[in-house]
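Q:
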Amino acid sequence: MYSPIQSNRARGSAGEPLPTVWKSFEELGITFRRGELVLVCAGSGTGKSVMMLSYALKSRSPALYFSADSNAFTQLARTISIVTRMPMTESKQLILDGKLERVSKDLEPLAIRLNYDASPSLDTIEMNLESYYELYGHYPALTVIDNVPNVSFEGQGELSE
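Straight run, no breaks: the sequence shown in the numbering used here ends on number 802.
1) Based on the DSSP secondary-structure assignment, which residues constitute the bridge partners of PHE707?
2) Do the CB positions of GLU677 and GLY653 come within less than 8 Å of each other?
3) Between ARG754, LEU755 and SER722, which has its C-alpha nearest LEU741's C-alpha?
4) Taking the C-alpha atoms as reference points, what is the distance between ARG675 and TYR780?
5) Would you mind sorting PHE673 into buried or exposed? The rule is 16 or more other CB atoms within 10 Å of its CB.
6) CB-CB under 6 Å to ILE786, same chain, minus the five flanking residues each way: which ones, in chain order?
7) Would DSSP call ARG650 helix, strand or coil?
8) Have a look at LYS733 and VAL724 and give me their C-alpha separation to the nearest angstrom.
9) Just the Cα atoms here: how many angstroms apart are LEU776 and LEU770?
10) For PRO728, is the classification buried or exposed, using 16 other Cβ atoms within 10 angstroms of its Cβ as the cut-off for buried?
11) Identify which residue in ARG650, THR720 and ALA709 has its Cα closest to the Cα of THR765.
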């Protein structure tokens, strides 16, 4: 239990704004903040995953990305294209040809870690967050769960309405 004044100390870095990536978001008053939930909603195939991966990479924020909808090949190709501005066709071919050394200097400093579990449980998400903390000494500034409906609540008890 915390008093309002104690809550300020307990919050840590929660609420601090993450870097602005797109001026248009800033102009609309859209700010991603540490420790806050942001739900990005739109129809299938509209670019939500690409937008959030782009944000995570371009903001240079320490990030943990649960990629339930996209596999490692797709996310790696997207990452290469985002950070190098290389067309996706070239990024994919670079991976298939085993020539990642051409972009390793661009990929190595990235502060993002990805999990490709197609249906992560709440326990898996928590374990990955704790592992991130253990490895880096802090929690990620940004956690992306792509796609929330893929999260498995099995064994978590019944959700009440």
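No residue lacks a Cβ here, since even glycine has one placed at the ideal position from N, Cα and C.
A: Judging by the given coordinates:
1) In the sequence shown, the residue the question calls residue 707 occupies position 66. Paired residues: ASN756 and ILE786.
2) Position 36 of the sequence shown, counted from the start, is the residue given in the question as residue 677. Position 12 of the sequence shown, counted from the start, is the residue given in the question as residue 653. No, these two residues do not count as a Cβ contact at 8 Å.
3) On the sequence shown, residue 741 is found 100 positions in, with the first residue counted as 1. Answer by Cα proximity: SER722.
4) As a first step, residue 675 is located in the sequence shown; it is residue number 34 there, counting from the start. As a first step, residue 780 is located in the sequence shown; it is residue number 139 there, counting from the start. Those two C-alpha atoms are separated by around 10 Å.
5) Reading the sequence shown from its first residue, position 32 is the one you call residue 673. PHE673 comes out buried.
6) Residue mapping note: residue 786 aligns to position 145 of the sequence shown, counting from 1. If we look at ILE786 and ignore the five residues flanking it on each side, its Cβ neighbours are PHE707.
7) By one-based count along the sequence shown, residue 650 stands at place 9. The answer is helix: DSSP assigns ARG650 an H, G or I state.
8) Along the sequence shown, one-based indexing puts residue 733 at 92. Along the sequence shown, one-based indexing puts residue 724 at 83. Going by the C-alpha atoms only, they are around 14 Å apart.
9) In the sequence shown, the residue the question calls residue 776 occupies position 135. In the sequence shown, the residue the question calls residue 770 occupies position 129. In a straight line, the C-alpha of LEU776 is about 10 Å away from that of LEU770.
10) Translated into the one-based positions of the sequence shown, residue 728 becomes position 87. Classification of PRO728: exposed, given that the 10 Å Cβ count is below 16.
11) The sequence position of residue 765 within the sequence shown is 124, counting from 1. If we check each option's Cα against that of THR765, ALA709 comes out closest.
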